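**Student:**
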Amino acid sequence: MKRLHILLLLIAIPVFYFMPVLFSSDGESNLSLEYWFPALFSSEESAENHIKAGKAFLTEDNLWKARQSFHRATKFDPQNSEAKFLHGTTQLSLKYFEEAIRDFTECLQLDPSNGNAYYNRAISFAHLQNFSSAIRDFTEAIKLNPSDVAAYRDRGVAKQRLGDKRNALADFQKAVALQPNYVQAQVSLGYLLVQMGSVEEGLNHLNLAASLDPQVRGNFITDKTCGLAWAEETQRIIYRACEKLRPEENPL
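When we follow this note's numbering, the leftmost residue of the sequence shown carries the number -3, and every step to the right adds one.
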């Protein structure tokens, strides 16, 4: 499991869909509690055992104890980049964004090739509304992993938040070109195209997203008389132009 994304509403303001990357690129992927269990009771304290204990706590969704274990690992071995990375990731998951940035920065000083650390630091910057720094880190993540579709999509969102629609569009298009079934990128691209006046093209991407994930249509169920909406009769997302009423048509 490299990265999971949480689908949130994206109607008024673009938001970041993300679950932070939990493991470094060369980290263990087997996280069964049975596998890591001995480390929880080992009489030998070491950074490695604390890392194993922290990963075991992650299988139980116990972020607080995981963070504590990763913190102990950093104290036992301040040069352990994996411990720094995992500690930062739990900080990010617990919404300690400034602390997470500090951990990822220290991790990158030890291991500049960790693209996941750049990605997670970018997400932390984005949560603090520092979109310029987020864009720089997403770019570094992409340099290290040119096929990182999440970094393209999230960099596009950051650019959109800064009003750079043209370059945001390019990032969304790159993300869907790399992975056409990436729902969040299809939604972001569809919304932006509609906003930029390419309504039919935008609807095509939005309806593709809705076909890939039926939950997407819930974002468009509305009683508004104009704008984007889910049409039960056609089972498609449609767009109704919003036109100002003439004075004689104003019911108020």
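Beta carbons: idealized from backbone N, C-alpha and C, even for Gly. Please read these numbers as outputs of a predicted model, since none were measured by experiment.
From A79 to M192, what does the alpha carbon distance come to, in whole angstroms?
**Tutor:** 44 Å
**Student:** For T86, which option in F72, P108, Q75 and A113 has the closest C-alpha, if you only look at C-alpha atoms?
**Tutor:** A113
**Student:** Less than 7 Å separating the beta-carbons of D299 and A49?
**Tutor:** Here the chain covers residues -3 to 248 and nothing more, so residue 299 does not appear.
**Student:** Could you check what DSSP says for A225 in three-state terms: helix, strand or coil?
**Tutor:** strand
**Student:** Could you spell out where the beta strand (DSSP E) holding R236 opens and where it closes?
**Tutor:** R232 to R236
**Student:** Using a Cβ-Cβ distance under 7 Å, would F121 count as near chain D?
**Tutor:** Here chain D cannot be found, since the structure has a single protein chain.
**Student:** Starting from K170 and walking both ways along the alpha helix (DSSP H), at which residues does that stretch end?
**Tutor:** K161 to L174
**Student:** Taking just the CA atoms, how far does E41 sit from G152?
**Tutor:** Between G152 and E41, the alpha-carbon positions lie close to 44 Å from each other.
**Student:** Taking C-beta to C-beta, are A146 and D133 nearer than 7 Å?
**Tutor:** no
**Student:** Quick check on the burial criterion: 16 or more other C-beta atoms within 10 angstroms. Buried or exposed for L189?
**Tutor:** With 16 or more other Cβ atoms within 10 Å, it is buried.
**Student:** Please report the distance separating the alpha-carbon of G111 from that of Q105.
**Tutor:** 12 Å
**Student:** Buried or exposed, going by whether 16 or more other CB atoms sit within 10 Å of the CB of Q211?
**Tutor:** By the neighbour-count criterion, in which 16 or more other beta carbons inside 10 Å mark a residue as buried, Q211 falls on the exposed side.
**Student:** Could you spell out the range, first to last residue, of the alpha helix (DSSP H) harbouring E44?
**Tutor:** Taken as a continuous stretch (DSSP letters only), the alpha helix (DSSP H) holding E44 covers A43 to T55.
**Student:** Span of the alpha helix (DSSP H) holding V190?
**Tutor:** In the DSSP assignment, V190 falls within the alpha helix (DSSP H) that extends over V179 to Q191.
**Student:** Can you tell me where the alpha helix (DSSP H) with L59 in it begins and where it stops?
**Tutor:** L59 to F72
**Student:** Thinking C-beta only, is A205 closer than 7 Å to V172?
**Tutor:** no
**Student:** Secondary structure at Y92, three-state DSSP: helix, strand or coil?
**Tutor:** coil
**Student:** Relative to the C-alpha of Q126, which candidate in S65, S109, I97 and Q180 has its C-alpha closest?
**Tutor:** One detail in the question is off: residue 126 reads as Asn in this sequence, not Gln. Of the candidates S65, S109, I97 and Q180, the one whose C-alpha sits nearest the C-alpha of N126 is I97.
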